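Notes follow the structure.
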Amino acid sequence: MQRHPRCGGRKLLTKMMRLCVTFTLLKTNNLVQPSALLEVHLGDNVTLECSFPEEETNYIHYMYWFKFIIGQTPQLIAASHKYTEEATLSENFNSGRFKVKLGTGINHLIISRTESSDSAMYYCATRSDYTIQFGPGTFSRTVVQQVVSDPVHPGDSVTLQCTVDSDTCAGEHSVYWFRHGSGESLPGLIYTHGNRSDECEKSPEAGSPTHSCVYSLPKRNLSRSDAGIYYCAVVTCGDILFGDGTQLEFQGPFFDKCAGGGRDTPRRGHRSVARHTKQDSNPRPTRKQSQAKPAASLHPHTPPAVKRQP
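Those letters in the sequence shown? Residues -28 to -1, 1 to 282, per mature numbering (1 follows the signal peptide of the UniProt record, and there is no 0), in order.
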């Protein structure tokens, strides 16, 4: 007896299922993730928005968030059912930093106290009876200028460092360093790394495809002319991202002159935000000598609020 085409065996069934999945993923996408790129500073809280038409609410049964890093399997962050008030977080994301805000037509992911490991592509998804829809994705990335606290002195050498995780975007990075001196209206370009990948190292964890790229700006034999705010800018994936900035400021007998008055006005010091390697060219002075010797330290600069790109 000849089998009916609809029951023609496992091979036919397998092909039909594959075609079904293919057409499912090609369905018109109504999910909206308004921010294609978010530049986030370490420690900030960020909300990744995802919305869909309210008229589709009756057809959607489940909502998801996925984290995707190139070279790794997509990770499920959270899943929620239409009749539940809270999302269920996966074990790797149940540390208290991740939260999902649910509502009519919305499925927002909130990340608190962001870390460098949060740099990734995030996808919102929904599932109905026969279809799965993915949003266009939101790319979250950080550029890190490391924290240090040791002061530096004239004649010392320092190395400012800028770190960017390259696992979320293939290709080379172009890195620029800008300096904004006192009294200057705009920062000036002082150095560029060009298209470089030789300063990227693979994660020491076995089997990990992630890379971390560290770009350095050495400053030798420091003098007052080196004072200013140093910014690291990384061009990657067609976007340019800025670090927080590092302020190199001299303290001690040398002060800035107030315009017109000629009176010495000291600056206040803050905690620094860049890693540096200190290399003394001269022996450390005695206590009496150090009282008459100007000192310099690295301090953070609080940048203007980051504009999140639509």
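Where a beta carbon is used, it is the ideal one built from N, C-alpha and C, also for glycine.
Being a predicted model, the structure only gives us computed values, none of them experimental.
DSSP, reduced to helix, strand and coil, places F65 within a helical segment of the structure shown.
With a beta-carbon spacing of about 4 Å, G77 and E26 fall inside the 8 Å limit used to define contacts. One alpha carbon belongs to I104, the other to A199, and they sit about 55 Å apart.
In the structure shown, R196 falls within a helical segment according to DSSP collapsed to helix, strand and coil. Within the same chain, Cβ atoms closer than 7 Å to the Cβ of F40 are found at P46, A92, M93 and Y95, the five residues on either side in sequence being excluded. P190 has T131 as its beta-bridge partners, per DSSP.
Between I83 and the set P6, L20, R192 and N193, the nearest pair of CA atoms involves L20. The bridge partners DSSP lists for C96 are W37.
Nearest neighbour of L194 by Cα position, chosen from S188, N17 and D128, turns out to be D128. D101 and H33 have their C-alpha atoms some 7 Å from each other. Around the beta carbon of T29, fewer than 16 other beta carbons sit within 10 angstroms, so the residue counts as exposed. Beta-bridge pairing by DSSP links S23 to V4 and I78. In the structure shown, the three-state DSSP call for E28 is helix.
Here the alpha carbon of H152 sits roughly 46 Å from the alpha carbon of A51.
The Cβ atoms of V147 and T164 sit closer than 8 Å to each other.
Per DSSP, Y55 is not a residue of any beta strand (DSSP E), being assigned neither H nor E.
Taking C-beta atoms as the reference points, F70 and I49 count as a pair closer than 8 Å. Taking 8 Å as the cut-off, the beta carbon of L74 is found no closer than this to the beta carbon of E63.
Under the three-state reduction of DSSP output, S89 falls in the helix class.
V12 sits in coil when the DSSP states are folded into three classes, being neither helix nor strand. With respect to the 8 Å criterion, G107 and L213 are not classified as neighbours on the basis of their beta carbons. For S146, the enclosing beta strand (DSSP E) begins and ends at H145 to H152. Counting other Cβ atoms within 10 Å of its Cβ, Y55 stays below 16 and is therefore classed as exposed.
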